[in-house]
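Chains as they are written, first to last, in my numbering: chain A, 178 to 816; chain B, 348 to 668.
Glycine residues also receive a C-beta, built at the ideal position from the N, C-alpha and C atoms.
In what follows, a single structure is set out as structure tokens and then discussed.
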Amino acid sequence: MKEVNWMAGGPQGAGVDSAANIFGRACGYGGLYVFGRREYHSNIKGLHSYFHLRVSPHEVLANVNDVDLLAAFDAETVVRHMDEVVHGGGIIVDKDQYSMKVLDIPTLPPEFKDELTINVDEKAVGETLGDFLDYAKKKGIQVFPVPYLDLLKRIAQKLGIDKISRVTRMVNVLAVGVSFTILGYDENLVEKAVTAIFSEKPKVVEMNILAVREAYDYAEQTFKGGFRHRLEKAEWNEERLFVSGNQAVAMGKVLGGCRIQTYYPITPAADESEYLEAHEILKTSSGNGAIIVIQTEDEIAAVNSASGAALTGARAATSTSGPGFALMVEGLSWAGNCEVPLVITYYQRGAPATGLPTRHGQSDLMFALHAGHGEFPRVVLASGDIRECFYDAAKAFNYAEKYQLPVIHLIDKAMANCSQTYPVFETGHFKIDRGDVADEQALVGQVYKRFSLTETGVSPRVLLGTKNGVHWYTGDEHNEYGHISEEPANRTLMMDKRMKKLELVDKETPLGEKINFFGDRHAENLVVSWGSPKGAIIEAMDALTSEGFSLGFMQVRMMHPLPREYIYETLAVAEKIIDVEGNYVGQLAGVIKEQTGISASHYLLKYTGRPMTTTEVYDGLKSILLGQAPVRQVLRYGS
Amino acid sequence: MDPEVSHFKTDVFVDWCPGCGNFGILNALQTAFAELGLEPHQVVMVSGIGCSGKEPHYMGVYGVHTLHGRVLPFATGIKIANPQLEVVAVGGDGDGLGIGAGHFVNAGRRNLHITYIIHDNGVYGLTKGQASPTLRLGLKTKALAKPNMNDAVNPIALALVTGYTFVARSYAYDFRHLKDIIKAAIRHKGLALIDCLQPCPTYNDINTKEWYAGEDRIDSKTGKPQPRLYKLEGTDYDPVVHDLNEDFQKKMAALDKAREWGDRIPIGVFYRNDFQSTFTERISERIPFYQENPPAKQRISDENGFSTAELQEFFNELKTT
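Quick look at the structure:
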């Protein structure tokens, strides 16, 4: 089987996510790998959303530009995504909407209507959805009209429901059912997915299974012409997960011993906290366990409550996005000064200001590195895929406690809301390192100094409430006891003590936790990146390598302290240095230049609010390798 | 000196201005802790920024001197992570009712067992005497260039309508009264506010010690000053909610009392409600073992250092096999 790219789209609130979840799971049950990307507006109901699933018998790491089968719940989905459907692909569409004039679709934004008007006028496509579909047919796309309303009526009748409004939401499952029929996929696996997803609501399972069957019956009878793309079960013998970045971070935190999470609602971070709260009672080998999730009144409270909790010895984290992190900055500085093991999970989204609240962005690297007044040590980690999100979320607490400093874990919207198939995450090897903690017995007969000056800069920590260990914290500069001190000599000693912990982090952290290197270590051409472009870069690089190009890829994971020597040595011998990231200025390239003096020779940047696809990264890299590209290329794919 | 009280002192030089009301609060706190039989390590004092922010450094208990306005978020995190700790929060009126007003309000919604003492002197002392949120409209204290253009927040009324279950006022120079109020507040299992009136001898030249003592109000018959402060304890005012049905009525009565200012200023307990659930109880309803095994006490690694968390149930939900 070749890979299949399936996209479902419709108004928000119409069940696009559930459709994608059912589709992805059903594929998983057949041994297929799935990569899914979720796109939605900052809106509750009505505006366009879609989910693009790439399905393959082999591991898939990113989206591509092509759509093989588009399951449209409404007219807008057709006009927005028609151009992405490949020659030989198909569109499933509501039969009842053929006569709709596309320019009358009320949810289309004016900028998009302008583009559409050009199509209507210049390409002489025609005004109605039917005209658009005829145009698609001329371009070699199959159209599969489905009378959703008739099918829903039939379902309602069978269920003995007299109000059609009670079943209209199942357009999504009908679209899934029709899709799988056209793709020739085993119906049992679809029903299994429906059963699993709605397992807590037997009535919903029953209704949706009926819908799947109706869809199969209808599509089998109606669409007999065949379809070029097929989904076939694959052989596999391992346990796998279909997991999103939000879920992976949440599970990683549990593994890492996080027992308090604070948050203030913000996209795309809040899903993680909600998921944790829904799973607050934990299974642990030490008996009772629970994670407490606190929704605070704002992000200022979130960060400071997390710091307070961390001082008691609970592993504590807060989770936010750009606007929330901006509010946390003073608290971050306090945590740095007071050497608090605080973990902040930072989901980047389109910025500045409110920016693109539900869309992707990677423009907060500089902010995460520099946020906070004054100089204090911090660790900044950046995950590159969902599996890394899981392990980094766990490891962040080890860095935080071992070195007694705030850790910022950078993620982005692409990872947060993408879902991917992985073999079940291995957890048996994960160790907890709580650093140097002095307990009641160790303190007997001592006068404890919280900020004692040590060779490494790390002082033994005592948790609030420990007998014999009374001490003080203050955001002021302080002496070894934690009392305020403005003395210049003490100030210098304390600054040195805190800042030298960074050297220790750098020295003690294995290279494999700081950098991933893919491909030929001595390749002439080197891609440098961080965060979610990873998957697209690896796939593009594999393709280019098989075409004979010499290419390596350095993914930076520890953004601070930056492994500058390794980066310097690696970049110094490269001919072309290609910086790939989701922002305007090339922030990583800037940091590398600052710390190594080496500049990138080429940039592939994207700031549309959408993640990079393998297709566009491949095209962009190839043009650079062929010497046909300008220094700076801006990628634009995706609606 | 009482040996128990000495446990709650440090040898850090107390750098407040001579005559500062903070001295009274500090002494009352130390004595209250001793009389309650608390051990130093059981208590965490959390403070904001300003003169009162330094208070924990003068106390021989765990001290967390935080950020301006953020006393309650820190205290909240500490208390939830380890409900076995006695958490006392202190801060100025500007800290709690200006920059931290949002936290003041939202803390009431949780009703955690925390004692919060607002050092209420009407001015921002450490920044040299600007008007604070409790300074009345039109007053011009000596550091102000012009009279105050903002009206005052009423901390008692605000606490009453936001869910505080113990609401009291005391006076920094009435050691015994303040100490007893602090003890009652600490014993109270929910969120307690003490609005502690205090002169700022350096910057508030209106609400001075003499003003509170009524030295500008000489009784023509006795020739003695008529103090402005009077104790609710000496009246027939009953602040306690005896059953839930009278809660509204008690709150309204307390709000009415909170309006008194000027020549007659009540101190004492305005309102106490032991029925409202605390945040600790609300968590315990969902997590029955929470109080015995709170986040700060949970064992997260085994003897070999491996994480104790078992993720099988998480994985089962997400499995596609």
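Between LEU285 of chain A and PRO188 of chain A, the alpha-carbon positions lie close to 11 angstroms from each other. Collapsing the DSSP output to three states places TRP649 of chain A in a strand. For the segment 529 to 562 of chain A, no residue has a beta-carbon sitting nearer than 9 angstroms to a beta-carbon of chain B. At a cut-off of 8 angstroms between beta carbons, GLN431 of chain B contacts chain A. Not a single CB atom of chain A sits nearer than 8 angstroms to the CB of VAL437 of chain B. Residue environment analysis places LYS691 of chain A among the buried positions, since at least 16 neighbouring C-beta atoms fall within 10 angstroms of its C-beta. Residue pairing for LEU558 of chain A: DSSP places it in a beta bridge opposite A:HIS586 and A:MET735.
Taking PHE726 of chain A as the centre and dropping the five residues before and after it, the same chain places the C-beta of LEU802 closer than 6 angstroms to its C-beta, in chain order.
When DSSP states are grouped into helix, strand and coil, PHE622 of chain B belongs to the coil group.
About 6 angstroms separates the CB atoms of ASP442 of chain B and ILE396 of chain B; that is less than 8 angstroms, so the two are in contact. Annotation: ARG606 of chain B is outside any alpha helix (DSSP H) and is labelled neither H nor E by DSSP. The Cβ atoms of ILE425 of chain B and LEU641 of chain A sit closer than 8 angstroms to each other. Annotation: Cβ neighbours of ILE471 of chain A in chain B (cutoff 7 angstroms, chain order): ILE427. Of all alpha-carbon atoms in A:MET735, A:GLY561, A:ALA491 and A:ALA503, the one lying nearest the alpha-carbon of ASP683 of chain A is that of A:MET735. With fewer than three CB-CB distances shorter than 8 angstroms, the segment 350 to 362 of chain B does not count as touching the segment 498 to 515 of chain B. Annotation for ASP194 of chain A: no beta strand (DSSP E) segment contains it, though the alpha helix (DSSP H) segment containing it runs 193 to 206. The three-state secondary structure of ARG492 of chain A, taken from DSSP, is strand. Here the segment 789 to 806 of chain A does not lie against the segment 556 to 574 of chain A, with fewer than 3 beta-carbon pairs under 8 angstroms apart. At least one C-beta of chain A is nearer than 8 angstroms to the C-beta of ASP649 of chain B. Within the same chain, and ignoring the five residues on either side of TYR577 of chain B in sequence, the residues whose Cβ sits closer than 8 angstroms to its Cβ are ARG611, ILE612, PRO613 and ILE614.
Scanning its chain for C-beta atoms nearer than 6 angstroms, with the 5 sequence neighbours on each side dropped, one finds around CYS204 of chain A the residues VAL211 and VAL232, in chain order. When A:ARG407, A:LEU366 and A:MET384 are compared, the shortest CA-CA separation from LEU329 of chain A is found for A:MET384.
By the rule that beta-carbons nearer than 8 angstroms mark a contact, ALA448 of chain B does not touch chain A.
Per DSSP, reduced to three states, the secondary structure at LYS314 of chain A is helical. Residue contact check for LEU459 of chain A against chain B: a CB pair falls below 8 angstroms. In the DSSP annotation of this structure, SER706 of chain A is not part of any alpha helix (DSSP H); the continuous beta strand (DSSP E) holding it starts and ends at 702 to 706.
Apart from the 5 residues on each side of it in sequence, GLN389 of chain B sits with its Cβ closer than 6 angstroms to the Cβ of GLU433 in its chain, given in chain order.
With a cutoff of 8 angstroms on beta-carbon distance, ARG627 of chain A and HIS648 of chain A are scored as near each other. Annotated three-state conformation of ALA436 of chain B is strand, per DSSP.
ASN182 of chain A is outside the set of residues whose beta carbon lies under 8 angstroms from a beta carbon in chain B. Under DSSP, the beta-bridge partners assigned to CYS543 of chain B are B:HIS466 and B:SER517. The three-state reading of DSSP puts VAL391 of chain B in strand, counting E and B together. At a cut-off of 4 residues, the continuous stretches assigned as alpha helix (DSSP H) that sit fully inside the segment 260 to 322 of chain A are 287 to 299 and 306 to 315.
With a cutoff of 8 angstroms on beta-carbon distance, ALA454 of chain B and THR481 of chain B are scored as not near each other. ARG619 of chain B and VAL514 of chain B have their C-alpha atoms spaced approximately 7 angstroms apart. Contact residues of the segment 651 to 664 of chain A toward chain B are THR651, GLY652, ASP653, GLY659, HIS660 and ILE661 (C-beta to C-beta distance below 8 angstroms).
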